[in-house]
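Visitor:
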Amino acid sequence: MTTIGVLGGMSWESSALYYRLANELVRERRGGLASADLVLRSLDFSAVREMQLEDRWDDAEALLRREGLALQGAGAGLVLLATNYMHKAAGPLEEALDVPFLHLADVVASAAHREGARVVGLLGAGATMREGFYAERLARSGLEVVVPDAQGIERVDRAVFDELCRGVLSDATRADLRAVVAGLVERGAQAVALSCTELELLLTPEDSAVPLLPSARLHVEAALAATAAGGVAPPSGQPTAASV
58 MTTIGVLGGM SWESSALYYR LANELVRERR GGLASADLVL RSLDFSAVRE MQLEDRWDDA
118 EALLRREGLA LQGAGAGLVL LATNYMHKAA GPLEEALDVP FLHLADVVAS AAHREGARVV
178 GLLGAGATMR EGFYAERLAR SGLEVVVPDA QGIERVDRAV FDELCRGVLS DATRADLRAV
238 VAGLVERGAQ AVALSCTELE LLLTPEDSAV PLLPSARLHV EAALAATAAG GVAPPSGQPT
298 AASV
């Protein structure tokens, strides 16, 4: 199997989920003592969060590029950036790598197409929902994207950074997020993308009337499928021999 490089720590709560999912899925598929062949780089999220809040995206791009290349140098044959929001700064990393980079938005788009959804609700960090960098990538594959209203965006953003990134799982917050999901469904969402990797720590399929697209799980599944097949599926959602 190709070694998978995971650039994480943003937050480590979701990176731990990546690690667990990868190993559980490999064990399910291969049995016995099989586990995932991974190289994990976990960054200090406090420093990354300062870059986000201070709008220092040049620094963020340089950081991701450097750390991603370090994963490649450590033997990774495929690189994952284990955070949706930081894909805003992933361009220089994607361009610099000599090995495949599996973009989270492309994985989510492929999953939406498999569900038969053409209108997708987008949940994530506030900027992921407000700015165009993520929704535009989804739209390239033919998806229409809807986001919560301003109050919903604020509620989801607080849940992510004040609670989930700190390991706090609250029934009250789960109820709030369920209400935000229901609002997206009322506006026509045929699936809802959990495009913050921490959201699936709290929300489950039972919390939505339409399919939820858990980005961390989908990312890991896509990486394992791509490494086994020797390639990476395209963002269009069209099947190939390596499609996830």
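Take 58 as the starting number for the sequence shown in my numbering and just add one per residue.
The beta-carbon is built from N, C-alpha and C at its ideal position, and this holds for glycine as well.
For Thr140 and Gly89, what's the separation of their Cα atoms in angstroms?
Guide: Cα to Cα, the separation comes out at about 30 Å.
Visitor: I believe Val96 touches Gly66 by the beta-carbon criterion, under 8 Å. Please report the beta-carbon distance rounded to the nearest angstrom.
Guide: Contact flag wrong, Cβ pair sits at about 13 Å.
Visitor: So what does Glu263 bridge to, in DSSP terms?
Guide: Paired residues: none, contrary to the question.
Visitor: In terms of residue numbering, what span does the beta strand (DSSP E) encompassing Ala63 cover?
Guide: Before going on, a small fix: residue 63 reads as Val here, not Ala. Its beta strand (DSSP E) spans residues 61-65.
Visitor: Can you list, in chain order, the residues of its chain whose CB lies under 8 Å from that of Ala153, leaving out five sequence neighbours each side?
Guide: Taken in chain order, the residues that qualify are Arg122, Gly125, Leu126.
Visitor: In chain order, which beta strand (DSSP E) runs of at least 3 residues are fully inside the segment 175-243?
Guide: You should have 176-180, 201-203.
Visitor: According to DSSP, simplified to helix, strand and coil, what is Ser92?
Guide: Coil, per DSSP.
Visitor: Between which two residues does the alpha helix (DSSP H) carrying Ala127 extend?
Guide: First-last of the alpha helix (DSSP H) with Ala127: 114-130.
Visitor: Cβ atoms of Thr59 and Leu137: under 8 Å apart, would you say?
Guide: No, Cβ-Cβ distance for Leu137 and Thr59 is not below 8 Å.
Visitor: Need the endpoints of the beta strand (DSSP E) that Pro268 sits in, please.
Guide: Where Pro268 is concerned, there is no enclosing beta strand (DSSP E), given that its DSSP letter is neither H nor E.
Visitor: How is Leu110 classed by DSSP in three states: helix, strand or coil?
Guide: Looking at Leu110 - three-state DSSP - the assignment turns out to be helix.
Visitor: Just the Cα atoms here: how many angstroms apart are Ala298 and Glu111?
Guide: Confidence at Ala298 is low in this model, with a pLDDT of 26, below 50, so the placement of that residue is unreliable and no value is reported for it.
Visitor: Could you spell out where the beta strand (DSSP E) holding Ala250 opens and where it closes?
Guide: Start and end: 248-251.
Visitor: Give the C-beta separation of Leu269 and Pro262 to the nearest angstrom, bearing in mind that I take them to be a contact with Cβ-Cβ under 8 Å.
Guide: Indeed they touch by this definition, with Cβ atoms about 6 Å apart.
Visitor: By alpha-carbon positions, which one of Leu258, Ala285, Val203, Ala73 ends up nearest to Ala246?
Guide: Here the closest residue by C-alpha is Val203.
Visitor: Take Gly62 and list the residues in its own chain whose beta-carbon comes closer than 6 Å to its own, dropping the five residues that flank it on each side.
Guide: Result list for Gly62: Val96, Leu128, Ala133, Val136, in chain order.
Visitor: Count the CB pairs spanning the segment 68-78 and the segment 271-288 that are closer than 8 Å, and state whether there are at least three.
Guide: Yes, the segment 68-78 touches the segment 271-288.
Visitor: Suppose contacts are defined by Cβ-Cβ distances below 8 Å. Is Leu74 in contact with Leu256 by that definition?
Guide: Not a contact, by the Cβ cut-off of 8 Å.
Visitor: For Ser71, which option in Leu260, Leu221, Arg235, Thr284 has the closest C-alpha, if you only look at C-alpha atoms?
Guide: Closest by alpha carbon: Leu221.
Visitor: In three-state DSSP terms, what is Ser68?
Guide: Ser68: coil per DSSP, three-state reduction.
Visitor: Hey, does Ala280 have any beta-carbon neighbour from chain D nearer than 8 Å?
Guide: In summary, chain D is missing from the structure at hand, where a single protein chain is found.
Visitor: Verify whether the separation of the beta carbon atoms of Ala162 and Arg187 is less than 8 Å.
Guide: For Ala162 and Arg187, no; Cβs fall outside 8 Å.
Visitor: Judging by CA-CA distance, which residue of Glu107, Arg86, Pro205 is the nearest neighbour of Thr306?
Guide: One cannot answer for residue 306 here, as it falls past the ends of the chain, which runs 58 to 301.
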